[in-house]
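A quick write-up on the structure given underneath.
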Amino acid sequence: AQSVTQLDSHVSVSEGTPVLLRCNYSSSYSPSLFWYVQHPNKGLQLLLKYTSAATLVKGINGFEAEFKKSETSFHLTKPSAHMSDAAEYFCVVTDNYGQNFVFGPGTRLSVLP
Amino acid sequence: GAGVSQSPSNKVTEKGKDVELRCDPISGHTALYWYRQSLGQGLEFLIYFQGNSAPDKSGLPSDRFSAERTGGSVSTLTIQRTQQEDSAVYLCASRDGHSYNEQFFGPGTRLTVL
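These protein sequences, in sequence, are chains A and B. Residue numbers for the first sequence follow the working numbering, beginning at 64 and rising by one. Residue numbers for the second sequence follow the working numbering, beginning at 86 and rising by one.
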């Protein structure tokens with residue numbers, strides 16, 4: 064069975080400061096991991112994905128995430144937050160067959176001016 | 086190319102009525118998923134179709150919910166005898182069947198049961 068924990072339901076940062084959104088996973092298989100973003104009243108958009116290649120993954124809008132097997136983590140980071148980053152972020156784990164996509168509960172990111 | 090589309094975008098219905106929600110996946114995507122997202126909540130898996138295989142219905146919350154996928158393309162999610170707790174955004178996603186590939190999401194259908 065797989066599961067995803069997003070440790071913070073809400074993160075608030077000031078514009079221009081770093082962003083860290085935490086994600087821990089549990090999987091019986093070698094997982095694929097994804098981060099999706101959902102802006103208010105918008106659909107889900109893929110930010111980045113890890114699929115057993117490089118452990119440091121770069122995504123869109125300056126976001127990146129590092130897969131750490133020993134810590135079962137896939138934290139999302141960005142060096143400098145922008146007001147447009149305010150949204151809901153979901154960490155997702157799946158097995159190699161893509162049959163079960165398990166979503167975390169989400170972290171709401173607020174960016175203060 | 087065209088993304089995943091869903092219709093209607095909004096649906097308001099009365100308690101006890103049946104509703105049908107439609108999803109048009111990206112052409113050629115063999116996998117299709119339905120999720121439900123209640124206000125301020127994460128995504129709840131409902132059902133998964135992969136090619137011609139029997140669907141994974143393990144997430145359907147009750148027998149009032151059903152879904153079909155015709156010709157391996159368009160899918161319809163049907164909710165019978167709707168209840169107020171069915172109010173949510175229903176999201177559809179499709180995916181190329183190859184491993185490691187991500188899901189592509191539609192804009193969702195917002196269902197309100199009065």
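All residues carry an ideal CB built from backbone N, CA and C; glycine is no exception.
Less than 7 angstroms between C-beta atoms, sequence neighbours within five positions excluded: which residues of the same chain meet that for residue i?
i	result
Ser115 (chain A)	Ser93
Tyr175 (chain B)	Leu106, Trp119, Arg121, Leu162, Gly193, Thr194, Leu196
Ala173 (chain B)	Arg121, Gln122, Ser123, Leu196
Ser158 (chain B)	Pro110
Does DSSP put residue i in a helix, a strand or coil?
i	result
Thr155 (chain B)	helix
Ser147 (chain A)	helix
Asp71 (chain A)	coil
Ile123 (chain A)	helix
Glu129 (chain B)	strand
Asp208 (chain B)	Absent from the structure is residue 208 (chain B), since the part of chain B shown begins at 86 and ends at 199.
Asp171 (chain B)	helix
Lys124 (chain B)	Here residue 124 (chain B) is Leu; the residue named in the question, Lys, does not match the sequence. Here Leu124 (chain B) sits in coil by DSSP.
Glu105 (chain B)	strand
Ile164 (chain B)	strand
Val82 (chain A)	strand
Val89 (chain B)	coil
Asp148 (chain B)	coil
Asn163 (chain A)	coil
Gln65 (chain A)	coil
Ser112 (chain B)	coil
Thr170 (chain A)	strand
Gln59 (chain B)	For residue 59 (chain B) there is no data in the structure shown, the boundaries of chain B being 86 and 199.
Thinking residue i and residue j are a contact (beta carbons under 8 angstroms), I'd like their distance in whole angstroms, please.
i	j	result
Tyr152 (chain A)	Ala128 (chain A)	Contact flag wrong, Cβ pair sits at about 11 angstroms.
Leu135 (chain B)	Ala116 (chain B)	Before going on, a small fix: residue 135 (chain B) reads as Gln here, not Leu. About 5 angstroms separates the two Cβ atoms, so the contact holds.
Val156 (chain A)	Gln69 (chain A)	Wrong, their Cβ atoms sit about 11 angstroms apart, outside the cutoff.
Val97 (chain B)	Leu199 (chain B)	7 angstroms
Gly122 (chain A)	Leu107 (chain A)	At roughly 14 angstroms, the Cβ-Cβ gap does not stay under 8 angstroms, so Gly122 (chain A) and Leu107 (chain A) are not in contact.
His138 (chain A)	Arg85 (chain A)	5 angstroms
Gln126 (chain B)	Phe164 (chain A)	The Cβ separation is near 16 angstroms, so there is no contact.
Leu131 (chain B)	Leu145 (chain B)	6 angstroms
Glu164 (chain B)	Arg154 (chain B)	It is Ile, not Glu, that sits at residue 164 (chain B) in the sequence shown. At roughly 16 angstroms, the Cβ-Cβ gap does not stay under 8 angstroms, so Ile164 (chain B) and Arg154 (chain B) are not in contact.
Phe166 (chain A)	Val67 (chain A)	7 angstroms
Between residue i and the rest of its own chain, which residues show a CB-CB distance below 8 angstroms, the 5 nearest in sequence each way excluded?
i	result
Leu175 (chain A)	Ser75, Val76, Ser77, Glu78
Name the one or two DSSP bridge partners that residue i has.
i	result
His138 (chain A)	A:Glu129
Ser95 (chain A)	A:Thr157
Lys112 (chain A)	A:Phe97
Asn87 (chain A)	A:Thr68, A:Ser136
Asn95 (chain B)	B:Arg195
Ser77 (chain A)	A:Leu175
Could you pull out every residue in the same chain whose Cβ sits closer than 6 angstroms to the Cβ of residue i, ignoring the five residues on either side in sequence?
i	result
Gly125 (chain A)	Lys141
Leu96 (chain A)	Tyr113, Phe137, Val156
Ser143 (chain A)	Gly79
Arg180 (chain B)	His114, Ala116, Asn186, Gln188
Gly169 (chain A)	Glu151, Phe153
Lys142 (chain B)	Ile132
Gly101 (chain B)	Arg166
Chain E contacts made by the region 81–108 of chain A, where a contact means CB separation under 7 angstroms | Absence of chain E from the displayed structure is noted, the protein chains being A and B.
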